[in-house]
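Data block below; observations after.
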Amino acid sequence: MSEKTLTRRTFLEAGAGLAAGAAVLGAAGVAGTAGAALDPQVAHAWGGPVVTTAHSLCNACSSKCGFTAYVRNGEIDTVLGDEGHPYAKGKLCARGYGYLQIATSEDRLTEPLKKNDKGVFEPISWDQAYAEIAEKVQAIIAADGPEALAMVQDPRPSGKYYTKRFMNALGSANVYTHGAACNLSKEAGFTQVIGTGNYSSDVASSKMTMFIGRSYADAIRPSSVSALQKAHERGARIVLVDPRCNNSIAFADEWVPINPGTDLALLLGMSHVLVTRGLYDAAYVAENAVGFEEWAASLATCTPAWAEGITGIPAATIERLAVEFADAAPAASIEPSWRGAFGCAYENSGETARAVCLFNTLLGCWNQKGGALFTPSVSVGKLDEAKFPSVPKPAAKILGSEEYPLSLSNMGSNVYAAQMAHSGVIKGMFFYNSNMAAGYSNTAFLAEALSRLDLMVVVDVQMSETAQLADYVLPECSYLERLELPEFIGGKVPCVTLRDKVIERVHPETRSCDEIFSELARACGVGEYFDFTVEELADAQLKTVGLSLETLREAGGTASFPDAAFEYGKTPKWKTPAGKIQFTSEACAAAGLSPYPVWVEPAVMPDEAAGTLRLVGGKQAHMSHTQTANIADLMQITKDYDLDRVWLSADVAQRWGIADGDEVLVSNECHEGRVRVKVTQRVNPTTLFMPSHYGCSSPEQRTAYGVGLCQMDFVPFRIEPGYGGICSQEALVTVKKVGA
Amino acid sequence: MARYGMLIDTKKCIGCYACRVACQRLNDLLPDENFIRFEEREEGVYPSVAVEHVPLQCMHCEDAPCAAVCPTGAAHIGADGIVAVDQGRCIGCLYCMAACPYQVRVRNSETGAVDKCRFCVVTAHESGTQTCNCVDACLTDARIFGDLDDPGSEISRAIAETHAVPIVADLTKTKVFYVR
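Residue numbers (my numbering), protein chains in the order written: chain D, 1 to 740; chain U, 1 to 180.
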């Protein structure tokens, strides 16, 4: 066993001269920011064999933090977060270190597989797999048109480009992201109010920030943790609204233990206080918004006392929070969240998102220091049409756009696609970097729906539950073994980053996403849209913004665009139909919702008399969804601390005769399973919290298999009206001590 | 000679395990070979509840029970006061694990030998840097490493300012100090 001698300080000292040299690229308005690049000779000086370095992007979650890998004898020796990457800021989280193990995992997919008549996977050559898939694709198109094909993908730098281009080249617009199981409702709700799907809270500079179901300390982006810590240390008021007292409490002033699913009532109650007491920014609203009067009138009944009855939060607390917000405005906001409480959780999630934006509007905090910001981003310009020809727009719209008119076309409702597979409308589906079957909705329904497909192709690095269901499994090389397209990141200073190859391919029969979809396209007869390499495309994309692959690498994998930097105080151009912030929405009314957000009860509500609890999921800092559960370093943490336990309120546990560590049976109409309990004061008594990473049912993931319960086993298949979200927390369960 | 020590501010600890996994990966440890152990303390009654995460690791005791009970001299106090385990001399008797009041020693399941936090000793000695991987990795700068005998060092100043103390008073004269 060797003790490693590399540390950040050694490298930064060693590479300081080089970093200074790389800081200016000479391209107009572009500066390299990522910091040190290590001279191999300098590395040699501390004794080891020559070390090479590569800047790349993590793949353990969607943040894709930049890091520098130091590679010795073909193996990764050390990784350090890149100082210049806006999300990493020199740090990585536990997943960032642990997920490196995916490259050498014994559970990697190493060759293409085809399921035989007995349902058993057998190896197949790439060429044979491509030929068979292409034949089935063409048969589906001939019989039912390209609309009978669909793709589900969790966006990654290359993946989002190649999967969409492949499907569009085949004539199908049915490209779904994981969004409906993540942030679709939130982004679609925001879009109805502010004309864009996201904003960022200026937490570090705020006087008050409220988080609703979002925990920076449990779903970590290092820069966000740092911003929260700064805010706390500056004395900002940080409020956590969450049925679980999450780990961000270290840097928060208050935990508001809301009944899950009722955040909308809290928002309406706080808005009532601001509006009826005249504490809102009336001038800002008059100048920037339409429809305020109608919404204001509807708030008359949404008193704090009314909200208390729904949320379980005392009326006095609701009043106080609203007044504190008014005092702190405009350096205050409700943080936009991610998946959290209203990304995809309830039948009222989209409307909750609307109310969040309206509350921020009452504060007049948009683009104000410490408020809620629309930060700029830079995007790829026009490419050479001869080399990178545009793909004709598919004739039909993405399936689900009529049924869920508020869903966003760049995400779509993946669960609607599954429903269409179930009903036979969609015949062929591709999955890239997506474990839909285990994470997006009811697992039994999804397994049945996907099993009805004529063709199911999964591209992944390990045998996920989704891959288990496939006809063909195509093995990708890991994120450490491939170059991807540049990733553009919006922010106060927008930038572009690069996932670069860190190590050679561990398994020779694995291929990269760009290769797989280009080769599939050629086999399917649409290869004319893929007559270039990923290097050529990356370089061409970067040249449209004054960079090149070479200059971005020299800059340390991250280059910023200071000329496009954000400025406080500028009123954004509202991209809504009215050209202003919309308190009322015709689209929402047309979709059968209220024109302005009003209280919408979740589809199901826990009942104390019946002994039902709402099943609430959430992240732990060392895990991301299901994809990290098979990583030995990370799963060992779960095992060491029994982190697959469900959280039950101490009060409820006492009444039900359940002690900490007891094994319980969790059951509902969908599923039942045994798991141990963490009895805690940190959870709302109407809630059963279940970490959402566990319950892996794929035996080929030997580390993760059989540990804990899978939240989605218990969640009934349901789609949020209008918005198309998966309603991930519209599930009630009972809990009974085993053997009692 | 330096007298190395560490300060851990649990008020800044979010219990994210970044230190543990960074330590494991950068020191090339097995997945179940964890040099940092965590205790989570919950205080108060719903909804007025406080949470404390306490990372524990080798305290590099000046009065080290592990070294006292080791029959072979494998566990010993080495240069700069860093408690070390000579892997070649460890016979895997596990006396030291039983003796450690902080329960922060681990058995390597491949070699059978016992190991624990080394204060990234090779880092400190061979490359001349005075830091540890866990200190570098910490997202909230909850950890400080340095020379306790240097009154001007960051750690000495921080201990004076924060009144950081050992996890258990004067039990074994530890060199890891806590702000709680």
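Ideal Cβ positions, reconstructed from N, Cα and C, are used throughout, including at glycine. In this text, all values refer to a predicted model and were calculated from it rather than measured experimentally.
* Asked: Can you tell me whether His163 of chain U is buried or exposed, with buried defined as 16 or more other CB within 10 angstroms of its CB?
  -> Counted from its first residue, the second sequence places residue 163 of chain U at position 163. By the 10 Å Cβ count, His163 of chain U comes out exposed.
* State buried or exposed for Ala31 of chain D, treating a residue as buried only when at least 16 other CB atoms are found within 10 Å of its CB. => One-based indexing of the first sequence puts residue 31 of chain D at position 31. For Ala31 of chain D, the pLDDT reaches just 41, beneath the cut-off of 50, and the residue's location in the model is therefore unreliable, leaving the point undetermined.
* Span separating the alpha-carbon of Lys736 of chain D from that of Gly73 of chain U -> The residue labelled residue 736 of chain D in the question sits at position 736 within the first sequence. The residue labelled residue 73 of chain U in the question sits at position 73 within the second sequence. Rounded to the nearest angstrom, the two C-alpha atoms are 52 Å apart.
* Asked: So, helix, strand or coil for Trp255 of chain D, using DSSP?
  -> Residue 255 of chain D sits at position 255 when you count from the first residue of the first sequence. DSSP places Trp255 of chain D in strand when its eight states are reduced to three.
* **Chain-ordered residues of the stretch 629-653 of chain D with a beta carbon less than 9 Å from chain U** => Ile631, Ala632, Asp633, Leu634, Met635, Gln636, Ile637, Lys639, Asp640, Tyr641, Ser649, Ala650 and Asp651
* Asked: Between Asp115 of chain U and Arg482 of chain D, what straight-line distance do the alpha-carbon atoms span, to the nearest angstrom?
  -> One-based indexing of the second sequence puts residue 115 of chain U at position 115. One-based indexing of the first sequence puts residue 482 of chain D at position 482. Taking the straight line from one Cα to the other gives about 36 Å.
* In angstroms, rounded to a whole number, what distance separates the CA positions of Glu110 of chain U and Asp713 of chain D? -> Counted from its first residue, the second sequence places residue 110 of chain U at position 110. Counted from its first residue, the first sequence places residue 713 of chain D at position 713. Whole-angstrom Cα-Cα distance: 37 Å.
* By a C-beta neighbour count over all protein chains shown, 10 Å radius and 16 as the cutoff for buried, is Lys136 of chain D buried or exposed? -> As a first step, residue 136 of chain D is located in the first sequence; it is residue number 136 there, counting from the start. With 16 or more other Cβ atoms within 10 Å, it is buried.
* Asked: Under 8 Å, do Lys186 of chain D and Phe342 of chain D count as touching if we go by C-beta distance?
  -> Taking the first residue of the first sequence as 1, we reach residue 186 of chain D at position 186. Taking the first residue of the first sequence as 1, we reach residue 342 of chain D at position 342. Against a cut-off of 8 Å, the Cβ pair of Phe342 of chain D and Lys186 of chain D comes out as a contact.
* Could you check where the beta strand (DSSP E) with Val457 of chain D kicks off and where it finishes? -> Locating residue 457 of chain D in the first sequence gives position 457, counting from the first residue. Counting along the chain, the beta strand (DSSP E) containing Val457 of chain D begins and ends at Leu455 to Asp460.
* **Close beta carbons around Tyr479 of chain D, own chain, < 6 Å, minus the five adjacent residues each side** => Here residue 479 of chain D corresponds to residue number 479 of the first sequence, with the count starting at 1. Hits under 6 Å: Asn59.
* Asked: What does Trp126 of chain D pair with, by DSSP beta-bridge criteria?
  -> Mapped onto the first sequence, residue 126 of chain D falls at position 126. According to DSSP, which records beta bridges pairwise, Trp126 of chain D is partnered with nothing at all.
* Any idea what DSSP makes of Ser518 of chain D, helix, strand or coil? -> As a working mapping, residue 518 of chain D is identified with position 518 in the first sequence. Ser518 of chain D falls in the helix class under three-state DSSP.
* To do: Could you name the residues of the same chain whose beta carbon sits closer than 7 Å to that of Asp741 of chain D, not counting the 5 residues immediately before and after it, in chain order?
  => Past the edges of chain D, shown from 1 to 740, lies residue 741 of chain D, and the structure says nothing about it.
* Whose CA, out of U:Ile167, U:Ala142, U:Lys175 and U:Gly152, lies closest to the CA of Asp9 of chain U? -> Residue 9 of chain U sits at position 9 when you count from the first residue of the second sequence. Minimum Cα distance to Asp9 of chain U is reached at U:Ala142.
* To do: Measure from the alpha carbon of Lys12 of chain U to the alpha carbon of each residue in D:Arg511, D:Gln229, D:Asn288 and D:Met151, then state which is nearest.
  => Here residue 12 of chain U refers to the residue found at position 12 of the second sequence. Of the listed residues, the one whose Cα sits closest to Lys12 of chain U is D:Gln229.
* Asked: By a C-beta neighbour count over all protein chains shown, 10 Å radius and 16 as the cutoff for buried, is Ile102 of chain D buried or exposed?
  -> Indexing the first sequence from 1 puts residue 102 of chain D at position 102. Ile102 of chain D comes out buried.
* Cβ pair count under 8 Å reaching 3, the stretch 630-645 of chain D against the stretch 32-43 of chain U -> yes
* **Beta-carbon contacts of Ala528 of chain D that lie in its chain and below 8 Å, excluding the five residues immediately before and after** => Reading the first sequence from its first residue, position 528 is the one you call residue 528 of chain D. Per the sequence shown, the amino acid found at residue 528 of chain D is Glu instead of Ala. For Glu528 of chain D, where only same-chain residues beyond five positions count, the Cβ hits under 8 Å are Pro389.
* To do: Whole angstroms is fine: what's the gap from Met690 of chain D's alpha carbon to Gly724 of chain D's?
  => Residue mapping note: residue 690 of chain D aligns to position 690 of the first sequence, counting from 1. Residue mapping note: residue 724 of chain D aligns to position 724 of the first sequence, counting from 1. Going from the Cα of Met690 of chain D to the Cα of Gly724 of chain D covers about 24 Å.
* Could you check what DSSP says for Gly112 of chain U in three-state terms: helix, strand or coil? => For this step, residue 112 of chain U is matched to residue 112 along the second sequence. Reduced to three states, the DSSP call for Gly112 of chain U is coil.
* Asked: Can you find a CB in chain U that lies within less than 8 Å of the CB of Gly98 of chain D?
  -> Residue numbering aside, residue 98 of chain D sits at position 98 when the first sequence is read from its first letter. Judged by the 8 Å Cβ criterion, Gly98 of chain D is in contact with chain U.
* Asked: Considering only the beta carbon of each residue, do Val273 of chain D and Ala322 of chain D sit closer than 8 Å?
  -> Indexing the first sequence from 1 puts residue 273 of chain D at position 273. Indexing the first sequence from 1 puts residue 322 of chain D at position 322. Yes, these two residues count as a Cβ contact at 8 Å.
* Asked: In chain U, what lies closer than 7 Å to Val604 of chain D by C-beta?
  -> Translated into positions along the first sequence, residue 604 of chain D becomes position 604. Result: empty, since nearest Cβ-Cβ is about 23 Å, beyond 7 Å.
* To the nearest angstrom, report how far apart Asp82 of chain D and Glu554 of chain D are at their CA atoms. => As a working note, residue 82 of chain D is residue 82 in the first sequence. As a working note, residue 554 of chain D is residue 554 in the first sequence. So the two alpha carbons sit approximately 14 Å from each other.
* **Short CB-CB distance (under 8 Å) between His622 of chain D and chain U** => Within the first sequence, the letter at position 622 stands for residue 622 of chain D. Chain U contact via Cβ: present.
* Asked: Are any of the Cβ atoms in chain D nearer than 8 Å to that of Arg41 of chain U?
  -> Here residue 41 of chain U corresponds to residue number 41 of the second sequence, with the count starting at 1. No, because no Cβ of chain D sits closer than 8 Å to the Cβ of Arg41 of chain U.
* Asked: Is the shortest distance between the beta-carbon of Ala18 of chain U and the beta-carbons of chain D less than 8 Å?
  -> The count along the second sequence starts at 1 and reaches residue 18 of chain U at position 18. Output row for Ala18 of chain U: interface = yes.
* Asked: Per DSSP, what kind of secondary structure is Trp46 of chain D in: helix, strand or coil?
  -> Counting from one through the first sequence, the residue named residue 46 of chain D turns up at place 46. Because the pLDDT of Trp46 of chain D is 46, which lies under 50, any placement of that residue in the model is unreliable, and the number read from its coordinates should be weighed accordingly. The answer is coil: DSSP assigns Trp46 of chain D none of H, G, I, E or B.
* Asked: Are the beta-carbon atoms belonging to Ala372 of chain D and Ser201 of chain D less than 8 Å from one another?
  -> Numbered from its first residue, the first sequence carries residue 372 of chain D at position 372. Numbered from its first residue, the first sequence carries residue 201 of chain D at position 201. A contact, by the Cβ cut-off of 8 Å.
* So what's Gln701 of chain D in DSSP terms, helix, strand or just coil? -> Position 701 of the first sequence, counting from 1, holds the residue named residue 701 of chain D. Correct three-state label for Gln701 of chain D: coil.
* **Pairwise C-alpha distance: Asp327 of chain D and Pro101 of chain U** => Counting from one through the second sequence, the residue named residue 101 of chain U turns up at place 101. Counting from one through the first sequence, the residue named residue 327 of chain D turns up at place 327. So the alpha carbons of these two residues sit roughly 50 Å apart.
* Report back the beta-carbon spacing between Ala250 of chain D and Ala227 of chain D to the nearest angstrom; my notes put them in contact at under 8 Å. => Within the first sequence, numbered from 1, the residue matching residue 250 of chain D stands at position 250. Within the first sequence, numbered from 1, the residue matching residue 227 of chain D stands at position 227. Actually they are not in contact, since the Cβ atoms of Ala250 of chain D and Ala227 of chain D sit about 14 Å apart, beyond 8 Å.
* To do: Report the neighbours of Ile155 of chain U on chain D: residues whose CB is nearer than 7 Å to its CB, in chain order.
  => Locating residue 155 of chain U in the second sequence gives position 155, where the first residue counts as 1. Under the 7 Å cutoff, chain D gives no residues; its nearest Cβ is about 15 Å from Ile155 of chain U.
* Which term fits Gly112 of chain U, buried or exposed, when burial requires 16 or more other beta carbons within 10 angstroms of its beta carbon? -> Taking the second sequence and counting its residues from 1, the one referred to as residue 112 of chain U is at position 112. Under this definition Gly112 of chain U is an exposed residue.
* Asked: What residues in the stretch 39-65 of chain U have a beta carbon less than 9 Å from any beta carbon of chain D?
  -> Glu40, Glu42, Glu43, Gly44, Val45, Tyr46, Pro47, Ser48, Val49, Ala50, Val51, Glu52 and His53
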